[in-house]
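Position 10 of the sequence shown, counting from 1, maps to 58 under this note's numbering, and the rest follow consecutively.
Positions of the beta carbon are idealized from the N, C-alpha and C atoms, including for glycine.
The structure displayed is predicted, hence computed values, not measured ones.
Structure first, then comments.
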Amino acid sequence: NIELRVERVSQLASHEGDRLVKLEKRRNFAKESKDLLGHFSSFSKAGDDLQGIPHFFTSDKHVFEAAATAIKLRTLGEKLLVGSAAGVGVGVGDNTQLNSSPVRKRNELAAIIERIQVYCDKLENRLIQNS
């Protein structure tokens, strides 16, 4: 009888462990998504000279992580641009953009993607010069 109880407790613990692993993965995904959207918003507020982007993107200490993040940002921007062309609601940054026209939203997204691409190009040049 005790063996059955031990087996049942073991199964319950295993099930709860699996649930915790899934929840941890979801939490990490949510955190990464939040961070990406924050960085995307930074590029939306930055000027064409890229002033105002987080130090993370200009620091030599985080160059490879910044490059990976920039690639994710560019992919995110392209998906948002495709979604905006398909009529999916898109709002980045402050709430005033929610009232803007779809054409304006697409133009703003295209400008953000262009800033991210300019950053990627500058980062690539910086890495080549430092090699």
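| Query | Result |
| --- | --- |
| Output the distance between the C-alpha atoms of Ala94 and Val111, rounded to the nearest integer angstrom. | 19 Å |
| Distance, Cα to Cα, Val153 vs Ser92? | Contrary to the premise, residue 153 reads as Lys rather than Val in this sequence. Roughly 11 Å separates the two Cα atoms. |
| I'd like to know whether the C-beta atoms of Gly125 and Phe88 end up nearer to each other than 8 Å. | yes |
| For Ala133, which option in Ser149, Ile119 and Lys120 has the closest C-alpha, if you only look at C-alpha atoms? | Ser149 |
| At the level of alpha carbons, what is the spacing between Ile101 and Ser90? | 6 Å |
| When the distance is taken between beta carbons, is Leu68 closer than 8 Å to Ala114? | no |
| With DSSP run on the structure shown, which of helix, strand or coil describes Gly95? | coil |
| How would you call Ala116, buried or exposed, if buried means at least 16 neighbouring beta carbons within 10 angstroms? | exposed |
| Rounded to a whole number of angstroms, what is the C-alpha to C-alpha distance between Leu71 and Gln177? | 43 Å |
| What span of residues does the alpha helix (DSSP H) with Gly131 cover, start to end? | Val111 to Ala133 |
| Measuring only the C-alpha atoms, how far is Leu121 from Ile164? | 7 Å |
| Use the C-beta contact count for Ile160: other C-beta atoms within 10 angstroms, 16 or more gives buried, fewer gives exposed. | buried |
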